[in-house]
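Trainee:
2 protein chains.
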Amino acid sequence: MSQAAEKSDQATALEKNMKEIVALCKRRGFIYQASEIYGGINGFWDYGPLGTELKNNLRDWWWRKMVLCPPIGPDGTPVDIVGLDSAIIQNPKVWVASGHVGGFADPMVDCKETKLRYRADHLIVFTPKDGQGSSIAVQEGDDFEESKARRFKKFAGKKTDADFEKRALSDIAFSEFANIIGPDASKPGTLTEPKAFNLLFETKIGAVASDDNVAYLRGETAQGIFVNYKNVLDSSRVKVPFGIAQIGKAFRNEVNPRNFIFRSREFEQMEMEFFCHPKDAKMWFDFWKEERQKFWQEIGLTKGNLLMREHGHNELVFYSKGTFDIEYKFPFTDPGFGELEGIAYRTDYDLTQHQTHSGTKLEYIDQTTNERFLPHVIEPAAGLTRGVLALLCEAFTPDPSRPSGVYLNFHPRLAPKKAAILPLTAKDGHPEIATKLYLELREEFPVDLDIKQNIGKRYARQDEIGTPYCLTIDNDTLKDETITVRHRNSMKQERIGLSNAKEFIRKGLESAAQ
Amino acid sequence: MSQAAEKSDQATALEKNMKEIVALCKRRGFIYQASEIYGGINGFWDYGPLGTELKNNLRDWWWRKMVLCPPIGPDGTPVDIVGLDSAIIQNPKVWVASGHVGGFADPMVDCKETKLRYRADHLIVFTPKDGQGSSIAVQEGDDFEESKARRFKKFAGKKTDADFEKRALSDIAFSEFANIIGPDASKPGTLTEPKAFNLLFETKIGAVASDDNVAYLRGETAQGIFVNYKNVLDSSRVKVPFGIAQIGKAFRNEVNPRNFIFRSREFEQMEMEFFCHPKDAKMWFDFWKEERQKFWQEIGLTKGNLLMREHGHNELVFYSKGTFDIEYKFPFTDPGFGELEGIAYRTDYDLTQHQTHSGTKLEYIDQTTNERFLPHVIEPAAGLTRGVLALLCEAFTPDPSRPSGVYLNFHPRLAPKKAAILPLTAKDGHPEIATKLYLELREEFPVDLDIKQNIGKRYARQDEIGTPYCLTIDNDTLKDETITVRHRNSMKQERIGLSNAKEFIRKGLESAAQ
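Residue numbers (the working numbering), protein chains in the order written: chain A, 425 to 938; chain B, 425 to 938.
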């Protein structure tokens, strides 16, 4: 097989994997298309019973690691972080100060021929060096090379890159557009002038729907933290350095929502702003880069699927002194990676902006030295919903040897159900023992009780939802008070005492935690 | 003191109480006005470090009682309920089917003289029986009697109720408005015709801001459950009767947000839809009425402050076969009560609406009897943010005998911090022992470590945030490894072994739980 054919085969396999993951998510109640019975709504997703538990487990684990039990800092004492939950709708001035109203926009061009819309900064224009014929615009993305080759052939014979000058559309004056053929067009001159398209969703507040009443759905949870920085300082006992953490929904009116829950219009973030003295910022930046990588590894993302990528100078916003992305190798980015979390050194940009725009002094006064300063900020900002997607992709394990053909290899701590209690038959006293065990175990772990159906089908279901242990009650249980434990990954079975079930699961979770 | 004066005095005391609660919430980091540094935004609130933990505790307790460990049903087997987390933005057809687009509206009238706006159904009109003079409109509410008396005197001499015919403005034809004096107006004829004002916040989705792209922020979490009823049935193992539970934000563009977080524009709900056979609906309605009252009592709301109120026929929506509200005696409703949770028997109205509007069959087929039917629905719908307010009001306990003058008597399960670890001084090895104890305890409970400050001030702070136990490390700790426990409510102190601290708190929480 040629290398290209092999690569294409691999790509198809990966694509299929993603389709299978999406299908499993719907089939087993992890994630549904929002408003599905009404034909859906592009860019919005609903979390089913198991997806909700999985997402809650990731949410609670982050909260535990960031707010309830934050790590030990470089000086050997525990880091101080408090939680916050700010409103989705804030005074619109917040978003003016943050730069989102002015700058949180993508430049878009329309094609008058095809009615398609493109991000201007995603279009690459090839202009013939010999001045013969039109320029050819191609959309950056998965099939860039392929569609470029096709359109080179169609509009310029079999020319190669060397015959063209290559520029971004956003660098080209509109007067030149008349000679550019759009990515899906058949003739030049159909692309409109780029127009900024703001990603903030707008709404109007109060009884009068005038422009004075415009407000925005937050585009990120971070600003809710910055505007409460002073409130938190005044009402709690924190001292610099300290962090404020928040988990919550954010909204972006994406032009092309895609890749399942990876790029959706409504999503959840887990963000922490860490306020420190400017001279210590570099130390804390390094500290959080390490800690955040550990976090994702601890819950089961393998090192080979994680990448720490530093932003290049052209990616970096002007005020940032450095940003690292923790990226994950999703099936749809493979062999590349997609962002899971960003860790940014934001300097004092945000506090300065809000101090200026609000007219409220946000300086910190050190009680010991009497020094006044605006703290610098390190921001680890993770996607909760993207984290859920990474966990699903990581856990998805095809296995032709078992009836389900696949199992979800969740870290037990994240698994929606820690154990399933399965009476072998729905008679002979099995259901009664199972129900009693279920009532005992559910006090400590989320567990499933599934009484009727062929036992093989019930095992298959638990494999597909990633339950680490199946506990089966059978006739022997009546005789000697033992039950069968079936291990998810190995499918191995062993016999344990009914009264030891709780301790068995507890130990299993503890050993997996290390 | 006259009865009236006494009542007025009591009202002032209660009003003062509410002001003190709001002030404490801000001072100690429970709840802040949203966007405060920008002058706020009417009807929106941010939860500070302690408010977030308190709200999370109530959220998790509801989830535990409804999803992870639901109650035992009338037949002796555990009730089956699964969780869900649907998007805030759904296909707009959802809200057409639910009736919110057409009917989720308050009729509003404006006053052309004062520019004030009123809910038409909150205005009462008094028309002189003798036909002499104008009619007088008065706004229903706290000072209704007072303002009525004042305006009777001003516009109609000292006439009494008996001299007037009393009607709701919404029952009066607009042609009669010319003779009505608005509640704050000085002359008749200034009220406009009532106009429906929809409470759903609107936004627009996608790059083109046309009317085709209108969508709504959900006005309740319930509809997200109904539109996923079929998905849940198809992807999980639930059988009728079963419930689907959801916790999340909802938005209502209230004309007059008021009473702190009681009536805000962005709030959180905890709703469960219980699907059952029509013949069993009455039984489940009674069941959930009992269970939900128990829930609120278990977390510390006292019986005297709770009221079960049945909706009258005029309050009941046409499809409901009965609704009960669990009401709480808030300081601003005292001696009356305000809604905390509604338990409604909604029949098959919602599923019928969505079946008709979506064209998707939503019938349930009983596997045993082959009977096909649309399940009936019992809905316990609680306010999470209202629950937080009730917990704060209930816990607020003025006590002039202690330095703080007040303490929050939270049920330990709901208290944001279960214990505070306080080294007596910031030297002599006290902080080291305290930090070690903090690291040990935080693995199991949310605890506070507060090192510096006068111990009395630190106790006062813990009283104000409702921490059940203060653990103090002093010089005796160095000698005999004992610490002082100070109990929040009694302020009594006792000495326990340092190594027994975890077990002591664990037992304290368990005994409080019964």
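Beta carbons are placed, not taken as given, at the ideal position from N, Cα and C, and that holds for glycine.
(1) Can you find the residues in the same chain that come closer than 6 Å, C-beta to C-beta, to SER782 of chain B, ignoring five residues on each side of it along the sequence?
(2) Around the Cβ of PRO827 of chain B, are there at least 16 other Cβ atoms within 10 angstroms (buried) or fewer (exposed)?
(3) For chain A, find out if any of its Cβ atoms is closer than 8 Å to the Cβ of LYS450 of chain B; answer yes or no.
(4) Of the residues B:ALA646, B:GLU678, B:SER659, B:ARG661, which one's Cα is nearest the Cα of GLY672 of chain B?
(5) Is any beta-carbon of chain A found at less than 8 Å from that of ALA517 of chain B?
(6) So, is the C-beta of GLU927 of chain A closer than 8 Å to a C-beta in chain B?
(7) GLY667 of chain A and MET696 of chain A - do their beta-carbons sit closer together than 8 Å?
(8) Starting from ASN899 of chain B, trace the alpha helix (DSSP H) in both directions and tell me its first and last residue.
(9) Bridge partners of TRP519 of chain B, per DSSP?
(10) So if DSSP puts GLU751 of chain A in a beta bridge, which residue, or which two residues, is it bridged to?
(11) What beta strand (DSSP E) runs, 3 residues minimum, are completely inside the region 849-875 of chain A?
(12) Okay, do the region 586-603 of chain A and the region 548-566 of chain A touch, 3+ Cβ pairs below 8 Å being the bar?
(13) For the 8 Å Cβ check, are there 3 or more pairs between the region 601-609 of chain B and the region 559-569 of chain B?
(14) DSSP three-state call for SER923 of chain A: helix, strand or coil?
(15) Measure the Cβ-Cβ separation of ALA609 of chain A and CYS535 of chain A and say whether it is below 8 Å.
(16) Less than 8 Å between CB atoms is the rule here; does MET696 of chain B satisfy it with respect to chain A?
(17) With 8 Å as the threshold, decide whether the Cβ of TRP486 of chain B is near any Cβ in chain A.
(18) Note down, in chain order, each residue of its chain lying with its Cβ closer than 8 Å to the Cβ of ARG912 of chain A, except the 5 sequence neighbours on either side.
(19) For TYR862 of chain B and GLY497 of chain A, what's the separation of their Cα atoms in angstroms?
(20) The beta strand (DSSP E) spanning ALA884 of chain B covers which residue range?
(21) Quick check on PHE774 of chain A - is its C-beta less than 8 Å from some C-beta in chain B?
(22) When DSSP builds the beta bridges, which residues end up paired with SER559 of chain A?
(23) What residue range is occupied by the uninterrupted beta strand (DSSP E) comprising THR627 of chain B?
(24) Anyone know if the C-beta pair for TYR640 of chain A and PHE625 of chain A falls short of 8 Å?
(25) On the three-state DSSP scale, how would you describe HIS737 of chain B?
(26) What do you reckon, are the CB atoms on MET490 of chain B and ALA631 of chain A nearer than 8 Å?
(27) Which same chain residues end up closer than 8 Å to GLN938 of chain B when comparing Cβ atoms and leaving out the 5 residues on each side of it in sequence?
(28) Any beta carbon from chain A within less than 8 Å of ASN481 of chain B's own beta carbon?
(29) Starting from LYS572 of chain A, trace the alpha helix (DSSP H) in both directions and tell me its first and last residue.
(30) Just the chain B side, please: which residues come within less than 7 Å of PRO473 of chain A by C-beta, in chain order?
(31) Should the region 502-516 of chain A be regarded as contacting the region 858-875 of chain A, the criterion being three or more beta carbon pairs within less than 8 Å?
(32) List, in order along the chain, the chain A residues whose C-beta lies closer than 8 Å to that of HIS778 of chain B?
(33) Closer than 7 Å between beta carbons: that is the criterion. Which residues of the region 528-558 of chain B meet it against chain A?
(34) To the nearest whole angstrom, what separates the beta carbons of GLY643 of chain B and ALA674 of chain B, a pair I think is in contact under 8 Å?
(35) Going by the beta-carbon positions, is the gap between THR821 of chain A and ILE685 of chain A smaller than 8 Å?
(36) Using only the alpha-carbon positions, how far apart do GLN514 of chain B and GLN514 of chain A sit?
Mentor: Inspection of the coordinates gives the following:
(1) Nothing meets the Cβ criterion.
(2) An exposed status is given to PRO827 of chain B, since fewer than 16 other beta-carbon atoms sit within 10 Å of its beta-carbon.
(3) It does: the Cβ of LYS450 of chain B has a partner Cβ on chain A nearer than 8 Å.
(4) Relative to the Cα of GLY672 of chain B, the nearest Cα in the group B:ALA646, B:GLU678, B:SER659, B:ARG661 belongs to B:ALA646.
(5) Per the sequence shown, residue 517 of chain B should be read as Lys rather than Ala. Interface residue (Cβ-Cβ distance to chain A less than 8 Å): LYS517 of chain B is classified as such.
(6) Not a single CB atom of chain B sits nearer than 8 Å to the CB of GLU927 of chain A.
(7) The answer is yes: Cβ separation under 8 Å.
(8) Segment 899-904, the alpha helix (DSSP H) holding ASN899 of chain B.
(9) DSSP output for TRP519 of chain B lists no bridge partner at all.
(10) In DSSP, GLU751 of chain A forms a bridge with A:LEU731, A:GLU763.
(11) If you keep only unbroken beta strand (DSSP E) runs of at least 3 residues inside the region 849-875 of chain A, you get 871-873.
(12) Flag = yes, the region 586-603 of chain A and the region 548-566 of chain A touch.
(13) Under the Cβ criterion (8 Å, minimum of three pairs), the region 601-609 of chain B counts as touching the region 559-569 of chain B.
(14) If DSSP states are grouped into helix, strand and coil, SER923 of chain A belongs with the helices.
(15) Annotated as proximal: ALA609 of chain A and CYS535 of chain A, with beta-carbon spacing under 8 Å.
(16) Chain A contact via Cβ: absent.
(17) Chain A, which has no Cβ nearer than 8 Å to the Cβ of TRP486 of chain B, makes this no.
(18) Here the set comprises TYR831, ASN833, GLN886, ASP887, GLY890, THR891, PRO892, TYR893, CYS894.
(19) Between TYR862 of chain B and GLY497 of chain A, the alpha-carbon positions lie close to 15 Å from each other.
(20) Taken as a continuous stretch (DSSP letters only), ALA884 of chain B belongs to no beta strand (DSSP E), being part of the alpha helix (DSSP H) at 879-889.
(21) A quick correction: the sequence has Asp, not Phe, at residue 774 of chain A. No, ASP774 of chain A lies away from the interface with chain B (no Cβ there is under 8 Å from its Cβ).
(22) DSSP, once it has assigned bridges, lists A:ILE604 as partnering SER559 of chain A.
(23) That run of the beta strand (DSSP E) goes 626-628.
(24) With contacts defined as CB atoms closer than 8 Å, TYR640 of chain A and PHE625 of chain A qualify as a contacting pair.
(25) Look at HIS737 of chain B here: in three-state DSSP terms it is coil, with no helix or strand label.
(26) In this structure, MET490 of chain B sits away from ALA631 of chain A, with a CB-CB distance that is not shorter than 8 Å.
(27) Low local confidence applies: a pLDDT of 41 at GLN938 of chain B is under 50, so the model's placement there is unreliable, with the coordinate-based value given in what follows. Once the five neighbours on either side are set aside, GLN938 of chain B has no close Cβ partner at all.
(28) Among the residues facing chain A, ASN481 of chain B is not included, as its CB has no counterpart in that chain under 8 Å away.
(29) Element bounds for LYS572 of chain A: 568-580.
(30) Result: VAL506, GLY507, LEU508, VAL656, SER660.
(31) With the cut-off at 8 Å, the region 502-516 of chain A and the region 858-875 of chain A do not touch.
(32) Neighbours of HIS778 of chain B in chain A, taken as residues at a C-beta separation under 8 Å, are given in chain order as ILE461.
(33) Of all residues in the region 528-558 of chain B, the ones placed with a Cβ closer than 7 Å to any Cβ belonging to chain A are MET532, ARG541, in chain order.
(34) With 8 Å as the limit, GLY643 of chain B and ALA674 of chain B qualify as a contact, their Cβ atoms being about 6 Å apart.
(35) A distance of 8 Å or more separates the beta carbons of THR821 of chain A and ILE685 of chain A.
(36) Roughly 22 Å between the two C-alpha positions.
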